[in-house]
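Some notes on the structure that comes next.
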Amino acid sequence: MGYNQSEVVAATRIITVLTTKNPKIETVFHQNSVDISAELDSAIKEHDRLKLAWHEEVADTAPLLKRAKNAFIKYRDLIVKKVPEAAKMDWLESKVKPDRFFINFEKQIGFIEDNQERLPFASTALEELEPISDELDLELAEDREARRVYRNSIKVKNLALDKAEEFYYEVRRFIRREFGHNSPEYSQVKDKAVRKAAKEMEQPKDDVSPENQDTKEESLNLTSNE
């Protein structure tokens, strides 16, 4: 995609206006312009809504994750004191991504279950850790589902952006053929005009191109590793 998101939106708006003001362009492109504009607007709004929902879901998990890590660290340290060889186990790290931490958390529970005769605090630990595990399992499952739905919306939005951009170039070629390079109509659809219109659109101060933003978010886990 040659244009970024704001530029595709600006280009689509320009075409929509032209199809309502110029009868020749309207005859050929009006309905497609309306449909593509509506599809793009819907895809962007849904993407933004699902992005927010995913962030909120992850934020809701943070307090429980903190409680789980505190309990994990407490019993990890007690285990290592009572069973020194446990210091070599592969599940001791808490500063990892949530899904990895949950695996470590379950391994800790398993270790306590298997070594109850060596751990005088085993019953107390299991009573505390097992309910946390059940809660965290549900919360992380909800986080993963919210992330899956959001990632699907990225694909839908990008398809809508590609479709809108291709349509824009189709209309631009038509205008160039029918009205000429130096026509007022063509001046409105040149790259310079599109980029100017995009800059004039109201954008958040921290706005970035969707390509970079969504690539980063694909690898981002918003829950702290601490």
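Numbering-wise (the numbering used here), the sequence shown opens with residue 33 and increments by one.
The beta-carbon is built from N, C-alpha and C at its ideal position, and this holds for glycine as well.
Kindly provide the ranges of any alpha helix (DSSP H) runs that are 4 or more residues long and lie completely inside the segment 55 to 121, ordered along the chain. With a minimum length of 4 residues, the continuous alpha helix (DSSP H) runs that stay inside the segment 55 to 121 are 55 to 114.
State buried or exposed for residue 201, treating a residue as buried only when at least 16 other CB atoms are found within 10 Å of its CB. Residue 201 sits exposed, since fewer than 16 C-beta atoms from the chains shown fall within 10 Å of its C-beta.
Is the segment 84 to 95 close to the segment 134 to 148, with three or more CB pairs under 8 Å? In short, these stretches do not touch, since the Cβ pair count stays below three.
Just how far apart, CA to CA, sit residue 184 and residue 75? CA-CA distance, residue 184 to residue 75, rounds to 11 Å.
If you run the structure through DSSP and keep just helix, strand and coil, what is residue 126? Three-state result, residue 126: coil.
Backbone CA spacing between residue 98 and residue 161 [nearest angstrom]: Straight-line Cα distance between these residues: approximately 13 Å.
Can you find the residues in the same chain that come closer than 6 Å, C-beta to C-beta, to residue 55, ignoring five residues on each side of it along the sequence? Cβ within range, chain order: n/a, list empty.
Pairwise C-alpha distance: residue 69 and residue 48: Distance between the alpha carbons of residue 48 and residue 69: 8 Å.
Helix, strand or coil at residue 212 according to DSSP, with G and I counted as helix: Coil.
Quick check on the burial criterion: 16 or more other C-beta atoms within 10 angstroms. Buried or exposed for residue 191? Looking at its Cβ environment, which holds fewer than 16 other Cβ atoms inside 10 Å, residue 191 is exposed.
Backbone CA spacing between residue 122 and residue 176 [nearest angstrom]: About 24 Å.
Spatially closest choice to residue 35 from 223, 233, 232, by CA coordinates: Out of 223, 233, 232, the CA that lies nearest to the CA of residue 35 is found in 223.
Using the C-alpha atoms, what's the distance from residue 187 back to residue 125? Cα-Cα distance, rounded: 35 Å.
Tell me which same chain residues have a C-beta within less than 8 Å of the C-beta of residue 197, skipping the five on either side of it? 33, 34, 35, 40, 43.
Just the C-alpha distance for residue 45 and residue 172, rounded to the nearest angstrom, thanks. In this structure, the alpha-carbon of residue 45 lies about 40 Å from that of residue 172.
Taking only the alpha-carbon atoms, compute the straight-line gap between residue 208 and residue 218 and give it to the nearest angstrom. Take the alpha-carbon of residue 208 and the one of residue 218: they are about 6 Å apart.
Specify the secondary structure class of residue 221 as computed by DSSP and reduced to three states. DSSP places residue 221 in coil when its eight states are reduced to three.
Whole-Å CB distance - residue 141 paired with residue 103, under 8 Å assumed: The beta-carbon separation of residue 141 and residue 103, rounded to 11 Å, does not stay under the 8 Å limit for a contact.
Using a Cβ-Cβ cut-off of 8 Å (strictly less than) and excluding sequence neighbours within five positions of residue 247, which residues of its own chain qualify? A caution first: residue 247 carries a pLDDT of 44, below 50, which makes its placement in the model too unreliable to give a value.
Could you check the C-alpha separation between residue 73 and residue 82 for me, to the nearest Å? Taking the straight line joining both Cα atoms gives about 14 Å.
With respect to the alpha helix (DSSP H) encompassing residue 39, which residues constitute its N-terminal and C-terminal limits? Run containing residue 39: 37 to 53, per the alpha helix (DSSP H) assignment.
Coil, strand or helix - residue 151 by DSSP: Residue state, collapsed to three classes: coil.
Spatial distance of residue 145 from residue 155 (CA atoms): CA-to-CA, the gap between residue 145 and residue 155 works out to about 9 Å.
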